[in-house]
Structures are given as structure tokens and as C-alpha cells.
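Q: Count along the sequence shown from 1, then add 200; that gives the number in this note's numbering.
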Amino acid sequence: MNDRFLRACRREPVDRTPVWFMRQAGRYMAEYRALRAKHSMLTLCRTPELAVEVTLQPVKALGIDAAILFSDLLLPLAPMGIPFDFQSGEGPVIEKPVRSAADVAALHRFEPRQDLGMVLESIKMLRKELQIPLIGFAGAPFTLASYAIEGGHSSHFALTKSLMYEDPATWHKLAGLFAEIVADYLQAQVEAGCQALQVFDSWVGALDEADYREFCLPHTKRIFDALATTGVPTIHFGTGTGHLLAAQREAGGDVIGVDWRTPLDEGWNRIGADRAVQGNLDPTLLFAPRERLLARVDDVLSRARSRDGHVFNLGHGILPGTPVENVKAVVEHVHAVTAR
Ligand code: CP3
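#1: Please report the Cβ distance between residue 323 and residue 394, rounded to the nearest whole angstrom; I am assuming they are in contact, meaning their Cβ atoms lie under 8 Å.
#2: When the distance is taken between beta carbons, is residue 216 closer than 8 Å to residue 204?
#3: Can you give the Cα-Cα distance for residue 388 and residue 425, rounded to whole angstroms?
#4: Looking at the structure shown, is residue 273 part of a helix, part of a strand, or coil, going by DSSP?
#5: Is residue 354 a contact residue of the ligand CP3, with contact defined as CB to any heavy atom under 7 Å?
#6: The alpha helix (DSSP H) with residue 301 in it runs from where to where?
#7: State the start and end residues of the unbroken alpha helix (DSSP H) segment that holds residue 498.
#8: Tell me which same chain residues have a C-beta within less than 6 Å of the C-beta of residue 487, skipping the five on either side of it?
#9: I'd like to know whether the C-beta atoms of residue 231 and residue 508 end up nearer to each other than 8 Å.
#10: With a 10 Å radius around its C-beta and 16 neighbouring C-beta atoms as the bar for buried, classify residue 505 as buried or exposed.
#11: Could you pull the DSSP bridge partners for residue 268 from this structure?
#12: Shorter than 7 Å, the distance from the beta carbon of residue 535 to the closest heavy atom of the ligand CP3, or not?
#13: Quick check on the DSSP output: the alpha helix (DSSP H) that includes residue 292 runs from which residue to which?
#14: Does residue 396 have its Cβ less than 8 Å from a Cβ in chain B?
#15: Answer with buried or exposed for residue 422, where buried requires no fewer than 16 other C-beta atoms within 10 angstroms of its C-beta.
#16: On the three-state DSSP scale, how would you describe residue 424?
#17: Take the Cβ of residue 491 as the centre, count every other Cβ of all protein chains shown within 10 Å, and call the residue buried at 16 or more, exposed below.
#18: Is residue 292 near the ligand CP3, judged by its Cβ being under 7 Å from some heavy atom?
#19: Can residue 225 be considered in contact with the ligand NAD, in the sense that its beta carbon sits closer than 7 Å to one or more heavy atoms?
#20: Measuring CB to CB, does residue 477 end up less than 8 Å from residue 533?
#21: What span of residues does the beta strand (DSSP E) with residue 400 cover, start to end?
#22: What residues in its chain sit with their C-beta under 7 Å from that of residue 413, if we drop five residues either side in the sequence?
#23: Under 7 Å from any heavy atom of the ligand CP3, does the C-beta of residue 229 make it?
#24: Please report how far the alpha carbon of residue 251 lies from the alpha carbon of residue 326, in whole angstroms.
#25: Say the cut is 7 Å; is the CB of residue 286 nearer than that to a heavy atom of the ligand CP3?
#26: Confirm the yes/no value for this check: CB of residue 241, any heavy atom of the ligand CP3, distance under 7 Å.
#27: Quick one: Cα of residue 243 to Cα of residue 438, how far?
#28: Cβ atoms of residue 445 and residue 461: under 8 Å apart, would you say?
#29: Quick one: is residue 347 buried, meaning 16 or more other Cβ sit within 10 Å of its Cβ, or exposed?
#30: Output the distance between the C-alpha atoms of residue 369 and residue 408, rounded to the nearest integer angstrom.
#31: May I ask you to list the residues that DSSP assigns as paired with residue 435?
#32: Is residue 456 near the ligand CP3, judged by its Cβ being under 7 Å from some heavy atom?
#33: Which same chain residues, not among the five before or five after residue 416, have their C-beta less than 8 Å away from its C-beta?
#34: Go ahead and label residue 523 buried or exposed: buried means 16 or more other beta carbons lie within 10 angstroms of its beta carbon, across all protein chains shown.
#35: Is residue 268 near the ligand CP3, judged by its Cβ being under 7 Å from some heavy atom?
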């Protein structure tokens, strides 16, 4: 069992800096596209044999130090009363967005061990196959609420922020419901076998610190507080969050994600030396000539200065069209130059 990823999460010494990638399974891989040609995105997520196969594709191809369950952030929306689908070229589309107090009142908790049992089954099957740790995940309240309210992807989050400002009580009810559901779902993922958890607050960087503290921090904190008893390391991830890192750290997470807009050393200073960090190569550098790509990998590593508690990753997910050989070269390079 290769445990350097778990050791880094706990800020223990490692033989090499561990590396994995957000969206390491996906359209940039031919094996993934071949399966997607036959099955919808939701079928891949909801069929354990297929979810297992997709999860293992990058593990076999890349030599990474952690696997992330193939699933999607939005799966919990349907059983709480927010049906959605993925439409080609558009991303997720929520059938009936949540916009009013009455809409929020109609939502409900559910039992993830039943309604998302297929995800938990995938986890159980994966643990039998893997020699590296398995990461489970879910969305943070802001990021989930933004999809539920906007109805899909958004650039400005105007409807989400309007609900916060105009009807804070309804916002807090919705965010609180997401916090309860996500905490329960993540606990169920650990019961099924996940050895680490990542909470994606991908879009929370759209808020200033005051709004983050008022509208999000208490809800996200409730999730991390609930996960403390599981004993598995937790990762708290966002993008565009250079100004929020200290507040995110307060909300929780053994490891805090830093995206490429903030130099890793500067981000780590804002977070504090008593937490691990994950990041932070710009995903578009994977399209760059090899020399520039590896020079920028070296820059990230030099900013980590071999301190215990660095998990190498991108600042966000691998983009469609990324050359697989460049991803593989990054894994090999990180392992080669960080051998202790
Ligand atoms: O990282 C991994 O390899 C695990 C799998 C994973 C997916 N989605 C697969 C996926 C994870 C961790 C997610 C999380 C997720 N889903 C997030 C947070 C992560 C982030 O990027 O910040 C968000 C915001 C979503 C919602 C979502 N799912 C969107 C906006 C889209 C459409 C965008 C796109 O790339 O088409 C998806 C679809 C999706 N989720 C795909 C994959 C591989 C593409 C599906 C396809 O067409 O094959």
C-alpha cells in the first residue's frame, strides 16, 4: 500500500511528494471517451462496474498516489428534490431551479446509504482493487446552492447572491440543509471505505471575505466538524480563493487547496504552517511545451521547499484536450525530483 498521500495530508514525512489530479478521469483520456460513447455521464456515475472502471483508468495510466472516486458533485441534488441532467456542451441543467422560500421548504433530507447506495457500492468495490488511497468527495454548500439556484453554471452568481442578500433566512435554511446532507453523505463514504475526503467549494471565490464569513463559513464548518470523528484526512478546495484562505482554514480541512493565482508559499503563509496544502499548477500549463511545463512544476515544488504537508495537484481540474503524456510526465518528474 502506497500511503504517501495520506502521510502528506497529516504532515508526516514522505519518501516522495505525492501527486494526484482533480478530474484525473475524464474526456482527455481516450479510454474514458470510448466508454462515454456508449453510456451517459449519469449512467457512468450510477453503475458501480462502470464508475469503478473509470476511476481506475488514470490509476493504470499515470502512476498517481491517490484515486478519486468517479462520481459527480451534483448527485445528491436529485434525491433531495432537485432533478437535473447533463446536456452535451452545456454542462448540468437543473430542471426546476430553487429560487424562493417555498422552493427551499419543499426540499428534504434523504438517506445516502439507500438513495446513493450505488456510489457507496462503487467505493466498496474500488477498495478491493486499489493499492493507493481512495478519496471520496462532495460539494460545499455555496457551490451546490449555486447550481440549485442558478439552474446550471454561472459566471456572476447573481441569483445566488440575490437570495443571500434579499432573504438571508431562506439562504441559511438552504445552506444548512446542504451542510447536513453533505456531512451525512461523506460519513457514509468513509463507512464504505474512503480513506480521505475532499470538499469542493469550487466557486466560492466569487464572494468577498465578509460575505463568505456571514453566509458560508458556518455551514462549511459544520461539515468539517462533523467529519472530525471519522478520523480520515479532509481537503478543503476552492478556486479564486487567495483572499479567503485564512477564513477557509477556520471553516476546516486538514489540507487546504490553493489555486494557481496565488503562489503556493504565499498561500501556505496565509493558511498557516499547522495545515497541509494541495496544489497548485495552472491546468493550462499541461498544454505548454515540456520544458516550460516542468519548469513551472519545479517552481511549485521549490515554493513547498520540501516541507512536510504538500500534496502536488493542479489548481483546478484537468481540462478536456490535455495531452495524456504531459500529465504522465508531471507525475514522473514530481516523483523523481522530490525523492528524499
Ligand atoms: O476528479 C475526478 O476525476 C472525479 C470525478 C469528478 C467529476 N466531477 C466528473 C465529471 C469530480 C470530483 C467532479 C466534481 C464536480 N462536478 C465539480 C467540482 C469540481 C470542479 O471542477 O471544481 C463541479 C462544479 C461539478 C459539476 C459538473 N459536472 C459540471 C459543471 C460538469 C460539466 C462541465 C464539463 O466538464 O463538461 C460536470 C460533468 C462532469 N463531471 C464530467 C466529468 C468527467 C464531464 C462529463 C462528460 O461529458 O463526460
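All C-beta atoms in this analysis are idealised placements derived from N, C-alpha and C, irrespective of residue type, glycine included.
A: Result, derived from the coordinates:
#1: The residue given as residue 323 occupies position 123 in the sequence shown. The residue given as residue 394 occupies position 194 in the sequence shown. The C-beta distance from residue 323 to residue 394 rounds to 6 Å, short enough to meet the 8 Å contact threshold.
#2: Against the sequence shown, residue 204 aligns to sequence position 4. Against the sequence shown, residue 216 aligns to sequence position 16. Yes, Cβ-Cβ distance for residue 204 and residue 216 is below 8 Å.
#3: Your numbering for residue 388 matches position 188 in the sequence shown. Your numbering for residue 425 matches position 225 in the sequence shown. So the two alpha carbons sit approximately 15 Å from each other.
#4: Indexing the sequence shown from 1 puts residue 273 at position 73. Residue 273 falls in the coil class under three-state DSSP.
#5: If you number the sequence shown from 1, residue 354 lands on position 154. Result no, Cβ not under 7 Å from the ligand CP3.
#6: Your numbering for residue 301 matches position 101 in the sequence shown. DSSP places residue 301 inside the alpha helix (DSSP H), whose first and last residues are 301 to 305.
#7: Within the sequence shown, the letter at position 298 stands for residue 498. First-last of the alpha helix (DSSP H) with residue 498: 490 to 504.
#8: Taking the sequence shown and counting its residues from 1, one reaches residue 487 at position 287. Taken in chain order, the list of residues that qualify is empty.
#9: Here residue 231 corresponds to residue number 31 of the sequence shown, with the count starting at 1. Here residue 508 corresponds to residue number 308 of the sequence shown, with the count starting at 1. Note that the C-beta distance between residue 231 and residue 508 is not below 8 Å.
#10: If you number the sequence shown from 1, residue 505 lands on position 305. By the 10 Å Cβ count, residue 505 comes out exposed.
#11: Counted from its first residue, the sequence shown places residue 268 at position 68. Beta-bridge analysis with DSSP links residue 268 to 335.
#12: Position 335 of the sequence shown, counted from the start, is the residue given in the question as residue 535. No - the ligand CP3 has no heavy atom lying nearer than 7 Å to the Cβ of residue 535.
#13: Within the sequence shown, residue 292 is the residue found at index 92, counting from 1. Residue 292 -> not in any alpha helix (DSSP H); beta strand (DSSP E) instead, spanning 291 to 294.
#14: Given the protein chain composition of this structure (a single chain), no chain B is represented.
#15: Start at 1 with the first residue of the sequence shown, and residue 422 comes out as number 222. A residue is called buried once 16 or more other Cβ atoms fall within 10 Å of its Cβ, and residue 422 is buried on that count.
#16: Within the sequence shown, the letter at position 224 stands for residue 424. Residue 424 falls in the helix class under three-state DSSP.
#17: The count along the sequence shown starts at 1 and reaches residue 491 at position 291. Within 10 angstroms of the beta-carbon of residue 491 lie fewer than 16 other beta-carbons, which makes it exposed.
#18: For the purposes of this step, residue 292 is identified with residue 92 of the sequence shown, where counting begins at 1. Yes, the ligand CP3 has a heavy atom inside 7 Å of this Cβ.
#19: No copy of the ligand NAD occurs in the structure displayed; its ligands are the ligand CP3 alone.
#20: Within the sequence shown, the letter at position 277 stands for residue 477. Within the sequence shown, the letter at position 333 stands for residue 533. No, the pair does not count as a contact, with Cβ atoms beyond the cut-off.
#21: Here residue 400 is taken as the residue at index 200 of the sequence shown, counted from 1. Unbroken beta strand (DSSP E) run through residue 400: 396 to 401.
#22: As a working note, residue 413 is residue 213 in the sequence shown. Residues of the same chain with a CB within less than 7 Å of the CB of residue 413, apart from the 5 flanking positions on each side, are 447 in chain order.
#23: Numbered from 1 along the sequence shown, position 29 holds the residue referred to as residue 229. No, the Cβ of residue 229 stays beyond 7 Å of every heavy atom of the ligand CP3.
#24: For the purposes of this step, residue 251 is taken as residue 51 along the sequence shown, with counting starting at 1. For the purposes of this step, residue 326 is taken as residue 126 along the sequence shown, with counting starting at 1. Answer to the nearest angstrom: the Cα atoms are 9 Å apart.
#25: Residue numbering aside, residue 286 sits at position 86 when the sequence shown is read from its first letter. Using a cutoff of 7 Å, the CB of residue 286 counts as near the ligand CP3, since one of the ligand's heavy atoms is closer than that.
#26: Reading the sequence shown from its first residue, position 41 is the one you call residue 241. The ligand CP3 has a heavy atom closer than 7 Å to the beta-carbon of residue 241.
#27: Numbered from its first residue, the sequence shown carries residue 243 at position 43. Numbered from its first residue, the sequence shown carries residue 438 at position 238. Here the alpha carbons of residue 438 and residue 243 stand approximately 27 Å from one another.
#28: Numbered from 1 along the sequence shown, position 261 holds the residue referred to as residue 461. Numbered from 1 along the sequence shown, position 245 holds the residue referred to as residue 445. No; because the gap between Cβ atoms is not below 8 Å, this pair is not in contact.
#29: Residue mapping note: residue 347 aligns to position 147 of the sequence shown, counting from 1. By the 16-neighbour rule on beta-carbons within 10 angstroms, residue 347 is buried.
#30: As a working mapping, residue 369 is identified with position 169 in the sequence shown. As a working mapping, residue 408 is identified with position 208 in the sequence shown. Roughly 20 Å between the two C-alpha positions.
#31: On the sequence shown, residue 435 is found 235 positions in, with the first residue counted as 1. Bridge partners of residue 435: 398 and 455.
#32: For the purposes of this step, residue 456 is taken as the residue at position 256 of the sequence shown. Checking the Cβ of residue 456 against the ligand CP3 gives no.
#33: By 1-based counting over the sequence shown, the position of residue 416 is 216. Annotation for residue 416: 340, 341, 342, 375, 401, 404, 407 and 451 place their beta carbon closer than 8 Å to its own, counting only its chain and skipping 5 residues before and after.
#34: As a position in the sequence shown, residue 523 is number 323, starting the count at 1. Counting Cβ neighbours within 10 Å, residue 523 comes out exposed, since fewer than 16 surround it.
#35: Counting from 1 along the sequence shown, the entry for residue 268 is found at position 68. Relative to the non-hydrogen atoms of the ligand CP3, the Cβ of residue 268 comes within a distance shorter than 7 Å of at least one.
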